[in-house]
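Here is the structure we will look at.
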Amino acid sequence: MLRKTKNILKKILKCFLVVIVASIIFLSGIYLAVSNKTISLLAEKESLYLGVLTGKYQKVDGKWAQNIDFDYYWKVWDIIKNSYVNKDEISDKEMFYGSLDGLVSSLNDPYSEFMDPQENKLFTEDMAGSFEGIGAELGIRDNLLTVISPIDGAPAQKAGIMAGDKILEINGENTQNMDINEAVGKIKGDKGTEVVLSIFRNGFEDIKKISIIRDTIIVKSLTYEKLDNNIFLISINSFNDDTQTLFLQAVKEVQTVKPKGIIIDLRNNPGGYLETAVAMLGEWVNGEVAVIEKFSTGDTTEYKANGLNSLKDYPTVVLINGGSASASEILAGALKDYGKATIMGEESYGKGSVQIVENLSDGSAVKVTVAKWLTPYGQSINETGITPDKEVELTYEDYESGRDPQLDEAKNFFK
């Protein structure tokens, strides 16, 4: 009986062991299968992640798709290095900077640009208010190199260059496929040297060649004076490093003179620092929205003006023309929206976009458009510009004869 019982227990134990071993094998199979699947998924995610990092993948309709292969960049690089007829005349750095310039140019945005170290240096000098050249702000409009505004008293203005002029040639070289940096580099130069611009202007029957002798351009961004009949004129050429300080000096002078009215001349003002325009508005409408920044996502940021309302009780006329752009349009547009000024002259340029400048460690920089500007009441500035309350034209004949009907009309406003 005891032996029989032992045999039965042995058989049960064997069966139990067989079941345990079978279970272990079965569960191990499941684990290995799951593990293999997990490894596969991780490998797939790793590959996708690396693809995203290297730019080979992008999301299309919610799915990841292979779209870009950077190998082609290096293949083109090698083709140029090995096959270009003048390959010894171009450096690797020139090729590299050229490719970065092309990358930014693909945006088809005239205000976004890559600047190599030399171009970035010139840009910084412009904002500081001192450089050598002809003294004119340039832009691209309708795919043509265009004068946004000549600087008052600079060689360009003295030679007869006007806002809106199309520059078709620089020293005989066609500007059709020339980007803004290249054009500026060719027009700027040492003091005393000559540059010849081929100009076309509405009203011209033919292209006109204008010779300009370059000079050192030291731009005082703001001037002010008391005119006849107790009218105070503040002329703002740009919104640069010194503008806000000079404007506050002008405000103090206004409070001393106590004029019957103020004329803010923003004609041929290409813009500059947004913060300066916003701060200046605070002398008319403290605490109010100066401009709205609208991003591609639809998100908006409001910039509010903070000042002392020192000019709120003075009737104000703002003069603008086709050379008034960017920050000057922000100031004019806000004063118009709030009814704090009467806008006179001609429609402004229409540069209502926001650029940031990212300086790179080698001295180069990228300037890229990140948003658009709207006036406080939501009017888009970009491409449409600011429309005057009263249109007053200044013709080339007026300019040639020294007449200024726009300023005259502003003075008459206060009679």
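For the sequence shown, our numbering gives the first residue as 45, with consecutive numbering after it. By construction, the Cβ of each residue, glycine as well, lies at the ideal position given by its N, Cα and C atoms.
1. Helix, strand or coil for ASP223? Go by DSSP, reduced to three states.
2. With DSSP run on the structure shown, which of helix, strand or coil describes LYS356?
3. From the DSSP output, which residues share a beta bridge with TRP417?
4. Among MET139, ASP122, ILE192, which residue has its Cα nearest to the Cα of GLU391?
5. Starting from PHE3, trace the beta strand (DSSP E) in both directions and tell me its first and last residue.
6. Tell me the rounded alpha-carbon separation between GLN288 and PRO303.
7. Around the Cβ of PHE70, are there at least 16 other Cβ atoms within 10 angstroms (buried) or fewer (exposed)?
8. For THR320, which three-state DSSP category applies?
9. So, using beta-carbon positions, are THR337 and TYR347 closer together than 8 Å?
10. Do you know whose CA, among ALA180, GLN299, LYS202, LYS210, lies nearest GLY247's CA?
11. Beta carbon of VAL295, beta carbon of LYS270: below 8 Å?
12. Whole angstroms are fine: how far does the CA of LEU266 sit from the CA of MET139?
13. Whose C-alpha, out of MET159, LYS230, ALA378, is nearest the C-alpha of GLU176?
14. Alpha carbon to alpha carbon, how far is ASN426 from LYS125?
15. Scan the segment 353-414 and note each continuous alpha helix (DSSP H) run of 4 residues or more that stays entirely inside, going in chain order.
16. Under three-state DSSP, which class holds ILE257?
17. For the candidate residues GLY326, SER368, ASP381, whose alpha-carbon lies nearest to that of LEU355?
18. With DSSP run on the structure shown, which of helix, strand or coil describes VAL263?
19. Exposed or buried, ILE278, counting other C-beta atoms within 10 Å across all chains shown (16 or more means buried)?
20. For the alpha helix (DSSP H) that ALA294 lies in, which residues bound it at each end?
21. Of the choices ASN313, GLN293, SER149, whose alpha-carbon is the least far from that of ASP196?
22. Could you give the uninterrupted runs of the beta strand (DSSP E) lying entirely in the segment 170-194, keeping only those of 3 residues or more?
Based on what the coordinates show:
1. coil
2. coil
3. GLU337
4. ILE192
5. Nothing about residue 3 can be read from this structure; the chain reaches only from 45 to 459.
6. 21 Å
7. For PHE70, the predicted structure reports a pLDDT of 41, less than 50, and the residue's modelled location is therefore unreliable. The matter cannot be settled from this model.
8. helix
9. Reading the sequence as shown, one finds Glu at residue 337 and not Thr. In contact: GLU337 and TYR347 (Cβ atoms closer than 8 Å).
10. LYS210
11. no
12. 41 Å
13. LYS230
14. 41 Å
15. 371-381
16. strand
17. GLY326
18. coil
19. buried
20. 287-301
21. ASN313
22. 174-177, 180-185, 188-194
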